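*Asks:*
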Amino acid sequence: MSPREPLEGTNEVRRILQFYRDLGFKQIYRRTPVAISTPAPAEMKAISETIELPGLVPAGDTLDLIRADIGDCTRCRLCKERKKIVFGDGSARARLVFVGEGPGADEDEQGIPFVGRAGQLLTQMIEGTASKEGIPLKRADVYICNVVKCRPPENRTPEPDEMEICGQFLFRQLSVIKPKAICALGSTAAKALLGGKDGVTKLRGKWHKWNDIPLMVTFHPSYLLRPYNQNAKRESWEDLKKVLHFVYD
Ligand code: URA
Numbered sequence: 001m002s003p004r005e006p007l008e009g010t011n012e013v014r015r016i017l018q019f020y021r022d023l024g025f026k027q028i029y030r031r032t033p034v035a036i037s038t039p040a041p042a043e044m045k046a047i048s049e050t051i052e053l054p055g056l057v058p059a060g061d062t063l064d065l066i067r068a069d070i071g072d073c074t075r076c077r078l079c080k081e082r083k084k085i086v087f088g089d090g091s092a093r094a095r096l097v098f099v100g101e102g103p104g105a106d107e108d109e110q111g112i113p114f115v116g117r118a119g120q121l122l123t124q125m126i127e128g129t130a131s132k133e134g135i136p137l138k139r140a141d142v143y144i145c146n147v148v149k150c151r152p153p154e155n156r157t158p159e160p161d162e163m164e165i166c167g168q169f170l171f172r173q174l175s176v177i178k179p180k181a182i183c184a185l186g187s188t189a190a191k192a193l194l195g196g197k198d199g200v201t202k203l204r205g206k207w208h209k210w211n212d213i214p215l216m217v218t219f220h221p222s223y224l225l226r227p228y229n230q231n232a233k234r235e236s237w238e239d240l241k242k243v244l245h246f247v248y249d
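Taking my numbering, the leading residue of the sequence shown gets 1, the next gets one more, and so forth.
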């Protein structure tokens with residue numbers, strides 16, 4: 001590319017800038033292109049100027065805009081076998097967001113997250129625990145979504161590139177809703193939101209942060225459905241109580 005070719009406005013530049021933004025750079029500096037053929041002495045001095053990076057979240061973003069941007073997505077291989085994109089379910093004004101891993105078979109059929117066995121357990125946990133704790137809360141009052149929006153074949157764990165590609169939409173969903181707290185269900189959600197390699201056993205029960213929003217990690221409801229995980233069940237209920245009291249007291 002010639003140094004005089006304008007870069008601004010190209011998708012490629014935007015992509016690169018967003019990459020740097022993801023890495024935590026808030027500003028970058030560029031040298032103003034200098035005329036090469038007949039440089040006047042003053043122009044030869046490179047002038048540095050500050051460019052504000054474009055945000056990952058477009059101004060005026062909404063859940064509807066995010067869903068529209070996802071469209072009939074073919075950004076990763078998960079599109080090949082999915083039946084429905086599972087965007088999210090619940091209130092756009094939710095004070096609490098639950099993030100799971102990715103849709104299973106029932107979710108893929110219906111296009112709604114957490115409606116299968118694990119989902120029924122999650123609903124029961126939310127509504128049952130809230131009711132026992134004297135908190136009037138229904139599933140519809142919270143927001144539920146996943147790291148990846150399409151079902152991974154055989155319910156395998158999403159690959160890092162799939163999580164990264166779809167993660168931009170999760171990032172936007174959370175940024176638009178701005179809940180008081182986030183509850184990450186299982187290690188895939190924890191990894192997507194917190195980074196790092198620690199598993200649920202190490203992370204659960206303590207407060208972490210996602211972009212300044214308090215985040216609790218707990219076991220994924222599918223894990224709790226396994227008969228030998230009684231201890232995990234008890235711990236999950238403890239985690240959920242902590243989250244519910246933090247958000248709704
Ligand atoms: N498991 C998940 O992680 N998400 C769903 O939506 C259903 C099952």
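From the three backbone atoms N, C-alpha and C, an ideal C-beta is built for every residue, glycine too.
Fair warning: this is a prediction, and the values are worked out from it, not measured in the lab.
(1) With DSSP as the reference, label Pro153 as helix, strand or coil.
(2) Looking only at its chain, what residues have a beta carbon closer than 7 Å to the beta carbon of Ile135, apart from the 5 residues adjacent to it on each side?
(3) Cβ of Phe171 within 7 Å of any heavy atom in the ligand URA?
(4) Let me know the secondary structure DSSP gives Gly90 once reduced to three states.
(5) Could you check where the beta strand (DSSP E) with Tyr143 kicks off and where it finishes?
(6) Return the chain-ordered list of same chain residues with a C-beta closer than 7 Å to the C-beta of Lys242, the five sequence neighbours on each side being excluded.
(7) My output table needs one value for Val57: the three-state DSSP class, helix, strand or coil.
(8) Classify Val115 as helix, strand or coil using the three-state DSSP reduction.
(9) Look up Ile66 in the DSSP assignment and say whether it is helix, strand or coil.
(10) Are the beta-carbon atoms of Phe114 and Ile144 separated by less than 8 Å?
(11) Mapping DSSP to helix, strand and coil, what is Cys183?
(12) How far does the beta strand (DSSP E) with Leu215 in it extend, from its first residue to its last?
(13) Check whether the Cβ of Val86 lies closer than 7 Å to any heavy atom of the ligand URA, and answer yes or no.
*Replies:* Once the coordinates are examined:
(1) Here residue 153 is taken as the residue at index 153 of the sequence shown, counted from 1. In the displayed model, Pro153 falls within a helix according to three-state DSSP.
(2) Along the sequence shown, one-based indexing puts residue 135 at 135. Leu244 and Tyr248, listed in sequence order.
(3) Within the sequence shown, residue 171 is the residue found at index 171, counting from 1. The ligand URA has no heavy atom closer than 7 Å to the beta-carbon of Phe171.
(4) For the purposes of this step, residue 90 is taken as residue 90 along the sequence shown, with counting starting at 1. Gly90 falls in the strand class under three-state DSSP.
(5) One-based indexing of the sequence shown puts residue 143 at position 143. First-last of the beta strand (DSSP E) with Tyr143: Tyr143 to Asn146.
(6) Position 242 of the sequence shown, counting from 1, holds the residue named residue 242. So the qualifying residues of the chain are Met216.
(7) For the purposes of this step, residue 57 is taken as the residue at position 57 of the sequence shown. Note: Val57 maps to coil in three-state DSSP.
(8) Locating residue 115 in the sequence shown gives position 115, counting from the first residue. DSSP places Val115 in coil when its eight states are reduced to three.
(9) Position 66 of the sequence shown, counted from the start, is the residue given in the question as residue 66. Here Ile66 sits in helix by DSSP.
(10) Working through the sequence shown from its first residue, we reach residue 114 at position 114. Working through the sequence shown from its first residue, we reach residue 144 at position 144. Yes, they are a contact pair.
(11) Locating residue 183 in the sequence shown gives position 183, where the first residue counts as 1. Residue state, collapsed to three classes: strand.
(12) Along the sequence shown, read from residue 1 onward, the residue named residue 215 stands at position 215. Per DSSP, Leu215 belongs to the beta strand (DSSP E) from Ile213 to Thr218.
(13) Here the question's residue 86 lines up with position 86 in the sequence shown. A distance criterion of 7 Å places the beta-carbon of Val86 in contact range of the ligand URA, judged by its closest non-hydrogen atom.
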